[in-house]
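Student: Here it is, the structure in full.
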Amino acid sequence: MKLKTSHLLIAFTFCAPLIASCQKGEEQSVLQKCGPSLEKIALSGGIFSMGSDVAYQEEAPKRQVKVAPFSIDSLEVTNARFSQFVKETAYITQAEKTPDRKLHPNIPADKLTSGSAIFISPKLSGNMNWWQFLEGADWKHPEGPNSDIKGRPDHPVVHIAYADAMAFAAWAGGDLPTEIEWEYAARGVLKGATYAWGEEKLDVGKVKANTWQGAFPIVNSQEDGFLGTAPTGCFSSNSFGLYDMTGNVWEWTKDSVGDENSNIGIVKGGSFLCSPLYCKRYRPSAKQSQEKDFSTSHIGFRLVYREDE
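If you count the sequence shown from 1, you need to add 1 to reach our numbering.
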């Protein structure tokens with residue numbers, strides 16, 4: 002049965018009005034390193050079946066596409082890697098800057114501050130406003146100004162806007178994957194499967210990825226061991242040796258909704274907030290629209306490398 006079409010998410014990501022403020026975000030657990038080292042995985046490319054005709058409408062139609070050979074990082078970009086980039090370049094992310102009034106004329110002046118959107122689990126089930134814009138939230142302070150990333154060097158960096166990811170990619174000699182490249186990599190050798198691991202549903206059998214367990218957005222039972230982001234590589238890789246292509250954080254792709262000059266980008270992979278009761282975008286064919294100059298506590302990225310670059 003076809004799922005309902007998702008709304009185009011402009012300015013504030015994933016369903017909730019975000020022009021709000023709060024004193025402090027939910028602290029994330031500081032957790033152990035999970036083990037795998039970063040590798041560049043060379044993929045041969047070829048023809049594969051992209052998209053889906055039985056899920057969200059933006060995934061259709063299912064079609065055959067061709068992808069050229071490329072290499073991709075086995076892990077999402079971590080706080081440690083991004084810290085090194087900032088140390089060497091003095092780069093300032095979009096979340097750390099005060100937005101340009103000309104680009105955001107509809108945002109109230111008192112809300113036009115540096116910051117980013119964070120997830121805060123509501124106390125009541127009827128409260129749909131689980132996203133809040135928090136002044137002082139950025140990649141170094143993922144839950145707000147009273148938080149930091151100490152003890153989390155191997156967690157994926159978050160609060161990253163499209164321009165931030167592209168700047169890091171240029172420094173690292175890589176690029177963001179196209180939507181086609183990303184989906185090809187996520188599917189691995191299981192070209193026609195619903196999930197990166199096959200056909201078994203997410204909530205059946207062993208824990209497969211860092212996603213939400215329990216009644217979203219009120220109760221996260223943390224059966225996977227994590228409340229928010231997890232260190233990269235904590236769960237089994239796909240058949241190409243890539244970790245966290247499902248869950249943990251959404252990942253930027255290079256593509257846009259509409260023409261290449263559009264300010265609406267495409268993220269893929271789902272995050273620690275996806276669950277069978279909400280989102281359900283923990284499939285290779287799934288994607289989400291995201292305003293390029295806006296960041297959140299569950300969006301990160303990984304890099305690809307092409308022979309002609």
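Think of the CB as a built atom: it goes at the ideal place given N, C-alpha and C, for glycine as much as any other residue.
1) Would you mind reading off the limits of the beta strand (DSSP E) that contains S117?
2) If we define contact as Cβ-Cβ less than 9 Å, is L304 a contact residue for chain D?
3) Between D155 and Q85, what straight-line distance do the alpha-carbon atoms span, to the nearest angstrom?
4) Find the nearest neighbour of M51 within the set T254, G175, L76, A194, judged by alpha-carbon distance.
5) Who are the Cβ neighbours of E49 in its own chain at under 6 Å, not counting the five residues just before and after it?
6) Can you look up T179 in the DSSP assignment and give me helix, strand or coil?
7) Relative to the alpha-carbon of K88, which residue among K98, W213, W172 has its alpha-carbon at the smallest distance?
8) Nearest-angstrom Cα distance between G1 and N262?
9) Among all the DSSP beta bridges, which residues are the ones paired with P157?
10) Taking R282 as the reference, which of A91, W213, K207 has the closest Cα?
11) Do G270 and T233 have their C-beta atoms closer together than 9 Å?
12) Determine whether the beta carbon atoms of L177 and K255 lie at a separation below 9 Å.
13) Less than 9 Å separating the beta-carbons of A1 and T90?
14) Residues bridged to E89 by DSSP?
15) Taking its Cβ as the centre, do 16 or more other Cβ atoms sit within 10 Å of Q24, making it buried, or is it exposed?
16) Under three-state DSSP, which class holds E60?
17) Suppose contacts are defined by Cβ-Cβ distances below 9 Å. Is S75 in contact with L243 by that definition?
18) List the endpoints of the continuous beta strand (DSSP E) containing F169.
19) What three-state label does DSSP hand K41 in the structure shown?
20) Applying the criterion that 16 or more other CB atoms from any shown protein chain within 10 Å of the CB defines a buried residue, is I11 buried or exposed?
21) Around the Cβ of L245, are there at least 16 other Cβ atoms within 10 angstroms (buried) or fewer (exposed)?
22) Taking DSSP as the reference, what is the three-state secondary structure of D1?
23) Does the Cβ of Q29 have 16 or more other Cβ atoms within 10 Å, making it buried, or fewer, making it exposed?
24) DSSP three-state call for N255: helix, strand or coil?
25) Can you list, in chain order, the residues of its chain whose CB lies under 6 Å from that of N239, leaving out five sequence neighbours each side?
26) In the DSSP assignment, the beta strand (DSSP E) including E292 goes from what residue to what residue?
27) Figure out for me which residue from G301, E252, K124 has the closest Cα to the Cα of P285.
Tutor: On the basis of the coordinates in this document:
1) Walking along the sequence shown from the start, residue 117 turns up at place 116. Unbroken beta strand (DSSP E) run through S117: 116-120.
2) Any reference to chain D falls outside this structure, which holds one protein chain only.
3) Here residue 155 is taken as the residue at index 154 of the sequence shown, counted from 1. Here residue 85 is taken as the residue at index 84 of the sequence shown, counted from 1. Taking the straight line from one Cα to the other gives about 13 Å.
4) Within the sequence shown, the letter at position 50 stands for residue 51. It is A194 whose Cα lies nearest to the Cα of M51.
5) The residue you call residue 49 lines up with position 48 of the sequence shown. First, the residue type needs correcting, since residue 49 is Phe and not Glu in the sequence shown. Y185, K192.
6) The residue labelled residue 179 in the question sits at position 178 within the sequence shown. Residue state, collapsed to three classes: coil.
7) Stepping through the sequence shown from its first residue, residue 88 is reached at position 87. Nearest of K98, W213, W172 to K88, Cα basis: W172.
8) Given a span of 2 to 310 for the chain in the structure shown, any question on residue 1 remains unanswerable.
9) Mapped onto the sequence shown, residue 157 falls at position 156. According to DSSP, which records beta bridges pairwise, P157 is partnered with T79.
10) In the sequence shown, residue 282 corresponds to position 281, counting from 1. Of the listed residues, the one whose Cα sits closest to R282 is W213.
11) Taking the first residue of the sequence shown as 1, we reach residue 270 at position 269. Taking the first residue of the sequence shown as 1, we reach residue 233 at position 232. For G270 and T233, no; Cβs fall outside 9 Å.
12) To locate residue 177, count along the sequence shown from 1; it is residue 176. To locate residue 255, count along the sequence shown from 1; it is residue 254. Yes, Cβ-Cβ distance for L177 and K255 is below 9 Å.
13) Here the chain comprises residues numbered 2 to 310, so residue 1 is not present and cannot be evaluated.
14) For the purposes of this step, residue 89 is taken as the residue at position 88 of the sequence shown. Bridge partners of E89: none, in fact.
15) Residue 24 sits at position 23 when you count from the first residue of the sequence shown. With a pLDDT of 31 at Q24, under the threshold of 50, the modelled position of that residue is not reliable, and no figure is offered here.
16) Residue 60 sits at position 59 when you count from the first residue of the sequence shown. Helix at E60.
17) If you number the sequence shown from 1, residue 75 lands on position 74. If you number the sequence shown from 1, residue 243 lands on position 242. Contact flag set, yes.
18) The residue you call residue 169 lines up with position 168 of the sequence shown. No beta strand (DSSP E) contains F169, which is instead part of the alpha helix (DSSP H) from 163-173.
19) Mapped onto the sequence shown, residue 41 falls at position 40. Correct three-state label for K41: strand.
20) The sequence position of residue 11 within the sequence shown is 10, counting from 1. Only weak support is given to the placement of I11: the predicted model assigns it a pLDDT of 35, under 50, and the value that follows is read from those uncertain coordinates. Per the 10 Å Cβ criterion, exposed.
21) To locate residue 245, count along the sequence shown from 1; it is residue 244. As written in the sequence, residue 245 is Asp, which differs from the Leu given in the question. By the 10 Å Cβ count, D245 comes out buried.
22) Given a span of 2 to 310 for the chain in the structure shown, any question on residue 1 remains unanswerable.
23) In the sequence shown, the residue the question calls residue 29 occupies position 28. Because Q29 carries a pLDDT of 46, less than 50, the predicted location of this residue cannot be relied on, and the following value inherits that uncertainty. Classification for Q29: buried.
24) In the sequence shown, counting from the first residue as 1, residue 255 sits at position 254. Residue identity differs from the one stated: residue 255 is Lys in this sequence, not Asn. Three-state DSSP puts K255 in a strand.
25) In the sequence shown, counting from the first residue as 1, residue 239 sits at position 238. Closer than 6 Å at the Cβ level, and outside the excluded window around N239, lie G189, A197, M246.
26) Numbered from its first residue, the sequence shown carries residue 292 at position 291. It spans 289-292 - the beta strand (DSSP E) in which E292 sits, taken as one unbroken run.
27) Stepping through the sequence shown from its first residue, residue 285 is reached at position 284. If we check each option's Cα against that of P285, E252 comes out closest.
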